[in-house]
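Chain order of the listed sequences is A and B. Those letters in the first sequence? Residues 1 to 282, by UniProt numbering. Those letters in the second sequence? Residues 1 to 282, by UniProt numbering. To start, the structure itself, in structure tokens.
There are 2 protein chains.
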Amino acid sequence: MNIKEYYIKQISRTNKKNYENYVVCRILNKLDDISVKFVTQQPVIIKNADADRKALTDLYFPQIDLHIEIDEPHHKKQAEDDIRRDADIVSTTKHDIKRIDVSESLESIHQNINQILGEIKQRIQKKKEVGQFAPWDINSEFDPQFYIKKGYIDFEDKVAFRLEVDACRCFGLNYRGYQRAIAHHPIEKDKDIWFPKLYKNDDWDNSLSGDGITITEKKMSGSHNFLKNNKNYIVFARVADSLSMVLYRFKGVFKLDVEESNKQKAAIYKRIGTRVKTYSNQ
Amino acid sequence: MNIKEYYIKQISRTNKKNYENYVVCRILNKLDDISVKFVTQQPVIIKNADADRKALTDLYFPQIDLHIEIDEPHHKKQAEDDIRRDADIVSTTKHDIKRIDVSESLESIHQNINQILGEIKQRIQKKKEVGQFAPWDINSEFDPQFYIKKGYIDFEDKVAFRLEVDACRCFGLNYRGYQRAIAHHPIEKDKDIWFPKLYKNDDWDNSLSGDGITITEKKMSGSHNFLKNNKNYIVFARVADSLSMVLYRFKGVFKLDVEESNKQKAAIYKRIGTRVKTYSNQ
């Protein structure tokens, strides 16, 4: 997919909601910067006091952790149930959500958009000043070479790959094709690369907690043996991206919590790291 | 309707066509000037060597006689048949039509839009320099007082009213309501104000030629007496505007061409003027 198709497809998802369509188009066209990635209708987890809640934000800028919500009259927000179980959900714990009230006048909406544009540019500028702004490039976005050169993969960089082999390549594994759930790390022998489905599927009832630090894995039938497993898992969760394409999203390094697993009668993995070293194949 | 509703409704008409939606939004948001009127999917008559052709242009700026056509893949242009018979059609004879080819890259599309934006701004500037740019104001757009103050109504100004009484008011007639096809001019006694339907309707098979200078009026049954009619007709044609609201559009001053009428066995009116004096009611 080229950047034109990406723009058109993302925006077309706002088509049935006229105000959302206008506001999203205006923000993107006023920003006018193709180095800034955006996603429309981003599935998110919003942490509440009592329970986590799944929702969709109307416009999301992943490089600066900013979401925009457009309050459109006569349009009920999409319900939690409508979100795909395998959706590429982000936690909004450290993110900001800005709101645009389209019941106000055109002038007010434009002013509100201008303020948000100021905020977006400021955040980009700040990130650039500390060398943390990675310009979006749709052609190299999912390229393992970029992360091999970089030397590491960090959770904060929101890394994902299109194929399992691309994730494997980052650790020196040069497979032509790979479809299995686990690959053994060729250099760091205490680590496996794991591609779990962190949602209910045929054999498993899996989940990732809203804060991203706990994986729960339940076999639909039979039982686990938790005691022997002392591996560290580099987790790339299989998810569907905003345009319904498969993506393997880096979620961190996890390790089985044996005590908790025995208590809950399910495999409980805890995140023990958010950065992994990459290796070139030599 | 306020300007926000106008923007949203006009743009929503592009929703099913993703490229058109993106390009229209980008042009409007980059132009960012609410004193410039725009219409999406404007019915037009394109003069051809052999025959006039009805079509829809994707974006029309009436103040500067400029149309934009967006060539979208996989979308057949709306057929002539789809255009309402009572549509507010404009002749493109003196207009320019710019094209945007969306099969090119996003960068090229953006460059193309920038060029067109330059053209739009230049045209507005030129009109402003000679005092011929009337800033669009949705609240006073159809207000007869504006034209009474101005002293005349000119075809070039693309004048229209929402109600027959508003057109009547411009000539010193203070009706509370008016529904008939003809009103007598209270000051210029040789003139009538005529509100014809210039399309096939219950009783009449009427039409206005593509160049706007000939009205043909045929009674479905019975016959006319053409010889006695020596009136000048100030014509406000009843049309449906882009959002399907009724509009009475000034088409000029017309007079019956008796010879031609007898020849064609239909009432043939020829345009004899494009400007009429206005009067306040005193």
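Virtual Cβ for every residue (Gly too), placed ideally from N, Cα, C.
For N232(A), there is no enclosing alpha helix (DSSP H); the enclosing beta strand (DSSP E) covers residues N232 to A240.
One alpha carbon belongs to C170(A), the other to R238(A), and they sit about 17 Å apart.
Looking at the DSSP output, R99(B) bridges to E69(B). Around the C-beta of S261(B), 16 or more other C-beta atoms lie within 10 Å, and the residue is accordingly described as buried. Using a CB distance cut-off of 7 Å, I100(A) does not count as an interface residue toward chain B. Residues of chain B whose Cβ lies closer than 8 Å to the Cβ of S12(A) are, in chain order, N18 and N21. By the neighbour-count criterion, in which a residue is buried when 16 or more other Cβ atoms sit within 10 angstroms of its Cβ, H185(B) is buried.
I272(B) places its beta carbon 7 Å or farther from that of V258(B). The residues F142, A167 and Y248, in chain order, have a CB closer than 6 Å to that of F161(A) in the same chain once the five nearest residues on each side in sequence are set aside. Nearest in C-alpha terms to N232(A), of all of A266(A), K270(A), E217(A) and P135(A), is K270(A). Among the CB atoms of chain B, none fall inside 7 Å of the CB of K37(A). At least 7 Å separates the CB of N112(B) from every CB of chain A. The alpha-carbon separation between K127(B) and C25(B) amounts to approximately 24 Å. Within 9 Å of the CB of S242(A), no CB atom of chain B is found; the nearest one sits about 15 Å away.
Within the DSSP bridge table, the entry for K219(B) names W204(B) as partners.
A contact between stretches requires three or more CB pairs, one per stretch, nearer than 8 Å, and the region 99 to 118 of chain A fails this requirement with the region 130 to 145 of chain A.
Boundaries of the beta strand (DSSP E) harbouring A183(A): I182 to H184, taken from the DSSP string. Excluding the 5 residues flanking it on each side, V23(A) has same chain C-beta neighbours closer than 6 Å at I70 and I100, in chain order. Pairing D86(A) with A183(A) gives a Cβ-Cβ distance that is not under 7 Å. Closest in C-alpha terms to Q179(A), from the list R53(A), K150(A), D88(A) and F236(A), comes F236(A).
Apart from the 5 residues on each side of it in sequence, N229(A) sits with its Cβ closer than 6 Å to the Cβ of L256 in its chain, given in chain order. Under the Cβ criterion (8 Å, minimum of three pairs), the region 26 to 38 of chain A does not count as touching the region 35 to 54 of chain B. Not a single CB atom of chain B sits nearer than 7 Å to the CB of C170(A). Of D96(A), K251(A), L106(A) and A49(A), the smallest CA-CA separation from N2(B) is found for L106(A). When secondary structure is reduced to three states using DSSP, L243(A) falls in the coil class, being assigned neither helix nor strand. At least one CB atom of chain B sits nearer than 7 Å to the CB of K4(A). Under the Cβ criterion of 7 Å, I8(B) is counted among the residues facing chain A. Using a Cβ distance threshold of 7 Å, S91(B) and G172(B) do not count as a contacting pair. Burial check for R275(B): the Cβ neighbour count within 10 Å stays below 16, so the residue is exposed.
The beta carbons of I8(B) and N18(A) sit closer together than 7 Å.
Residues of the region 42 to 53 of chain A with a Cβ closer than 7 Å to any Cβ of chain B: none. N15(A) is positioned such that its CB atom lies closer than 7 Å to that of N15(B). Secondary structure note for F146(B): its alpha helix (DSSP H) is the uninterrupted segment P144 to K150. The distance from the Cβ of T57(A) to that of G151(A) is about 32 Å, inconsistent with a contact at the 8 Å cut-off.
For the 7 Å CB-CB criterion, I64(A) and R123(A) form a contact.
Residue pairing by DSSP leaves Y19(B) without any beta bridge partner.
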